[in-house]
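Numbering follows the UniProt record's numbering, with no gaps: position 39 of the sequence shown is 39. Backbone N, C-alpha and C define an ideal beta-carbon position, used for all residues, glycine too. All values derive from a computational prediction rather than experimental measurement. Take a look at the structure set out below.
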Amino acid sequence: GELLTVTPLDAGHCPGSVGFLFEGACGRIYHTGDFRREDWCGRGGAAAAAASAIPECLTRAPLDLLLLDNTYANPTYDFPARSDAAEEVLAIVSEATARGCDVYVGIDSLGKEALLTAVATATGAAVRVTPERAA
1 GELLTVTPLD AGHCPGSVGF LFEGACGRIY HTGDFRREDW CGRGGAAAAA
51 ASAIPECLTR APLDLLLLDN TYANPTYDFP ARSDAAEEVL AIVSEATARG
101 CDVYVGIDSL GKEALLTAVA TATGAAVRVT PERAA
């Protein structure tokens with residue numbers, strides 16, 4: 001029978017998100033799924049470092065087909081790097097707590113876990129989620 005190898009690769013979108021590399025008689029096909037790997041897509045001087053972060057299984061031979069999730073590929077979408085967004089949130093939280101305010105961060109979707117971790121680490125505050133979110 002025909003052998004098909006499927007390799008899951010961290011997509012960086014939210015915890016547990018993956019893209020899939022398919023290899024077999026079909027060729028080499030990579031489907032990114034929802035994708036946000038800033039470490040693979042460096043800008044300016046970071047491009048060389050970004051290229052070295054790409055897994056070897058993606059670079060050892062050319063891909064026959066790349067299925068790229070490009071929901072926000074339009075140039076009108078200009079999102080900051082996650083680290084820049086986290087710095088901005090931390091500055092706002094720091095300013096608010098210095099004034100004695102309580103801070104509540106509303107999260108309506110997956111993928112914000114790293115931000116919550118950064119806030120908790122920087123402030124020493126506990127992060128609480130509803131039982132439904134923790135499941």
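Comparing C-alpha positions only, which one of the options sits nearest to residue i?
i, options, result
"S17", "G24, P8, E23, A25", "P8"
"D69", "G19, L3, Y77", "G19"
"G33", "H13, N74, V6", "H13"
Residue i lies in the alpha helix (DSSP H); which residues open and close that run?
i, result
"I92", "82-98"
"L115", "113-123"
Pull up the DSSP beta-bridge partners for residue i, would you.
i, result
"R28", "E23"
"V129", "Answer is none; V129 lacks a bridge partner."
"V18", "D10"
So the beta strand (DSSP E) residue i belongs to, where does it begin and stop?
i, result
"V6", "5-10"
Compute the Euclidean distance between the alpha carbons of residue i and residue j, then round it to the nearest angstrom.
i, j, result
"L116", "V127", "7 Å"
"Y104", "E56", "41 Å"
"N74", "E2", "39 Å"
"F22", "P80", "31 Å"
"V119", "S52", "29 Å"
**OP:** Taking only runs that begin and end inside the stretch 52-85, name each unbroken beta strand (DSSP E) of 3 or more residues, in chain order.
**Re:** 65-67
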